Amino acid sequence: DAGITQSPRHKVTETGTPVTLRCHQTENHRYMYWYRQDPGHGLRLIHYSYGVKDTDKGEVSDGYSVSRSKTEDFLLTLESATSSQTSVYFCAITATSGSPHEQFFGPGTRLTVL
Amino acid sequence: DQQVKQNSPSLSVQEGRISILNCDYTNSMFDYFLWYKKYPAEGPTFLISISSIKDKNEDGRFTVFLNKSAKHLSLHIVPSQPGDSAVYFCAAVNDYKLSFGAGTTVTVRA
C-alpha cells in the first residue's frame with residue numbers, strides 16, 4: 024500500500040459547475056501526478072507537480088487547474104465542468120524503492136458530468 | 010498524437026499457456042518502459058520495467074523484451090493464470106512523465 028488516497032471516489036455534477044478532486048499521500052514524495060482514463064486512450068497526463076507550489080501541464084491540461092500548497096496534497100480543479108470531462112481520474116506518486124520511474128496509483132475518482 | 014501504441018485491444022489465452030502483449034512507441038527520447046496491470050475499479054499496479062539500455066528483464070512469470078531499433082517491446086506471461094485476467098498498460102518514461110498505451114484486455118480461460 025503506497026499510502027495514497029483520493030476523494031471523493033464518485034461524483035456526479037452538472038455542466039458548468041466547479042469541481043475539485045483531492046489526492047492525499049502519506050509518503051512525502053516530491054512528484055505527484057493527475058491522469059484521466061478513457062476508453063481507447065489509456066491514461067493521459069493532465070498536470071503534475073515536482074514540489075510544493077511547483078506544477079506543470081501534461082498532454083490534456085485544457086479545462087483543468089491544479090494546486091499544491093502542502094507536500095501531501097495535490098488538488099485538481101475543473102473550473103467549469105463539461106460532459107467531455109466525464110472520466111475516471113487517477114492520482115499517482117513516484118516510488119521510493121525499485122525503479123525510480125515507477126509510479127503508484129490511487130484508487131481513482133469516477134466523475135460524471137451531466 | 011499517441012506516442013505509445015498497443016494495437017491489440019484484447020487477448021484470450023488458455024490457462025497455463027503463454028500470453029504475449031505487444032507495444033510500439035515513436036519517441037526515441039523514452040528512456041524507461043513499464044508495464045502496469047489494472048483490475049476494474051482499482052488503480053493500475055506496477056508489474057515490471059526495463060531500462061532503454063537493456064533488452065530483457067525477467068521477474069518470476071513476467072518477462073519484458075525491448076527492441077530499440079524497432080521501437081517495440083513485449084510482455085510475456087508464462088504460465089498464464091486466471092488471476093492474470095486484467096487490462097495491461099504499456100508506459101514509457103521521458104523526463105519523469107509517463108505516456109501510456111490504450112491497454113490490452115487479457116482473458117485467461119480455464
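These protein sequence lines are chains A and B, in that order. Just so we're aligned, residue 24 is where the first sequence starts under this note's numbering, counting upward by one. Just so we're aligned, residue 10 is where the second sequence starts under this note's numbering, counting upward by one. Even for Gly, the Cβ is constructed at its ideal location relative to N, Cα and C. None of the values given here were measured: they were computed from a predicted structure.
### Task
Please compile the residues from chain B whose C-beta is within a distance smaller than 7 angstroms of the C-beta of A:Gln126.
In chain order: Leu107.
- Proximal residues to B:Gln23 (C-beta, below 7 angstroms), its chain only, five neighbours per side dropped: Short of 7 angstroms from the beta carbon of B:Gln23, and not among the five residues preceding or following it, lie these beta carbons of its own chain, in chain order: Arg118.
Tell me where the beta strand (DSSP E) around A:Val42 begins and ends. Under the DSSP assignment, A:Val42 falls in the beta strand (DSSP E) whose first and last residues are Val42 to Gln48.
- Task: Step through the CB atoms of chain A and report whether any lies within less than 8 angstroms of the CB of B:Phe39.
- Result: Under the Cβ criterion of 8 angstroms, B:Phe39 is not counted among the residues facing chain A.
Three-state class that DSSP yields for A:Gln108 in the structure shown: In the three-state scheme derived from DSSP, where H, G and I count as helix and E and B as strand, A:Gln108 is classed as helix.
If you draw a straight line from the alpha carbon of A:Tyr112 to that of A:Gln60, how long is it in whole angstroms?
-> Just so you know, the alpha carbons of A:Tyr112 and A:Gln60 end up roughly 6 angstroms apart.
| query | How long is the line joining the alpha carbons of B:Asp40 and B:Lys63, rounded to whole angstroms? | reply | As the crow flies, the alpha-carbon of B:Asp40 is around 10 angstroms from that of B:Lys63.
Show which residues of chain B have a CB atom less than 7 angstroms away from the CB atom of A:Gly74. Simply none; closest approach about 12 angstroms.
Any chain B beta carbon closer than 8 angstroms to A:Phe97: With a threshold of 8 angstroms between beta carbons, A:Phe97 makes no contact with chain B.
Tell me the DSSP secondary structure of B:Asp104 in three-state form.
Note: B:Asp104 maps to coil in three-state DSSP.
Could you tell me which chain B residues have their CB closer than 8 angstroms to the CB of A:Gly81, listed as they occur along the chain?
The contacting residues are Lys106.
query: When the Cα atoms are used, what is the spatial distance from B:Val13 to A:Pro41?
result: Distance between the alpha carbons of B:Val13 and A:Pro41 is about 32 angstroms.
What three-state label does DSSP hand B:Asp64 in the structure shown? Correct three-state label for B:Asp64: coil.
Checking the sheet assignment: what are the DSSP bridge partners for B:His81? DSSP links B:His81 through a beta bridge to B:Asp33 and B:Asn76.
message: Quick test of the definition: if touching needs 3 or more C-beta pairs under 8 angstroms, does the region 103-116 of chain B touch the region 58-78 of chain B?
response: These segments do not touch.
Quick one: what does DSSP say A:Asp79 is sitting in, helix, strand or coil?
A:Asp79 falls in the strand class under three-state DSSP.
Taking 8 angstroms as the cut-off, does the region 26-36 of chain B touch the region 86-100 of chain A (at least 3 CB pairs, one atom from each stretch)? In short, these stretches do not touch, since the Cβ pair count stays below three.
Proximity test, Cβ basis, 8 angstroms: B:Val115 and chain A:
Chain A contact via Cβ: absent.
So, A:Ile69 versus A:Cys46, is the Cβ gap smaller than 8 angstroms?
No, Cβ-Cβ distance for A:Ile69 and A:Cys46 is not below 8 angstroms.
Exercise. What in chain B is Cβ-close to A:Tyr54, meaning under 9 angstroms?
Worked result: At a C-beta separation below 9 angstroms, A:Tyr54 has these neighbours in chain B: Tyr105.
- Task: Spell out the partners DSSP gives B:Ile120 in its beta bridges.
- Result: This structure cannot speak to residue 120 of chain B, because chain B is shown only from 10 to 119.
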